[in-house]
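Below is one structure; the comments refer to it alone.
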Amino acid sequence: MVDFQRLTIKDAIRSRPLLGLVATSAALNAGLWFAALQFFDRQGAAVVLHYSVDVGIDFVGQGEHITVLPLTGTILLLLNLVVGFAATNADARVSWVLWTTMPLFQVILAAAFFFIWRINF
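Right, here's the structure in full:
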């Protein structure tokens, strides 16, 4: 059982909920990297990278720019993990909030990728 009030870094590393959150986030991010590199042409054609309801298509770029989505996911995953470990001594609840949002960020980025993919193909 994980004590959510008092948490040491050693206990956090051993906790199954944290390992599950990290594994889920990493798997989602790896899937996003795979999809971004597989479905968008990195060599040539212009693709729609942003669409808004009010304006419509408002940003067109090269297919390789789609890698910004999985890169953002990787940075957020690492940042939340590191800051969560740094905050364990101050307040374990802050750490758990950071760690539990990691999969949510990945799902939001995957949804954004899906909509961009749907607009283009």
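Just so we're aligned, residue 1 is where the sequence shown starts under the working numbering, counting upward by one. Note that CB positions come from ideal geometry on N, CA and C, so glycine has one too.
Just how far apart, CA to CA, sit residue i and residue j?
i, j, result
"residue 64", "residue 47", "9 Å"
"residue 77", "residue 34", "17 Å"
"residue 73", "residue 52", "21 Å"
"residue 80", "residue 110", "18 Å"
"residue 102", "residue 96", "10 Å"
"residue 10", "residue 36", "35 Å"
For the alpha helix (DSSP H) holding residue i, just list the boundary residues, first then last.
i, result
"residue 58", "From DSSP, residue 58 is part of no alpha helix (DSSP H) but of the beta strand (DSSP E) over 56–62."
"residue 11", "9–14"
Terminal residues of the continuous beta strand (DSSP E) containing residue i?
i, result
"residue 95", "Careful: residue 95 lies outside any beta strand (DSSP E), inside the alpha helix (DSSP H) at 92–120."
For residue i, which of helix, strand or coil comes out of DSSP?
i, result
"residue 53", "coil"
"residue 46", "strand"
"residue 67", "helix"
"residue 87", "coil"
"residue 40", "coil"
**OP:** Determine, using beta-carbon pairs with one atom in the region 83–91 and one in the region 55–75, whether at least three such pairs fall under 8 Å.
**Re:** Using a Cβ-Cβ distance cut-off of 8 Å, the region 83–91 and the region 55–75 are not in contact, since fewer than three pairs of beta carbons, one from each stretch, lie closer than that value.
Original post:
Do the region 87–96 and the region 106–118 make contact, defined as three or more Cβ pairs closer than 8 Å?
Top reply: By the Cβ test, the region 87–96 is not in contact with the region 106–118, since fewer than three Cβ pairs between them sit closer than 8 Å.
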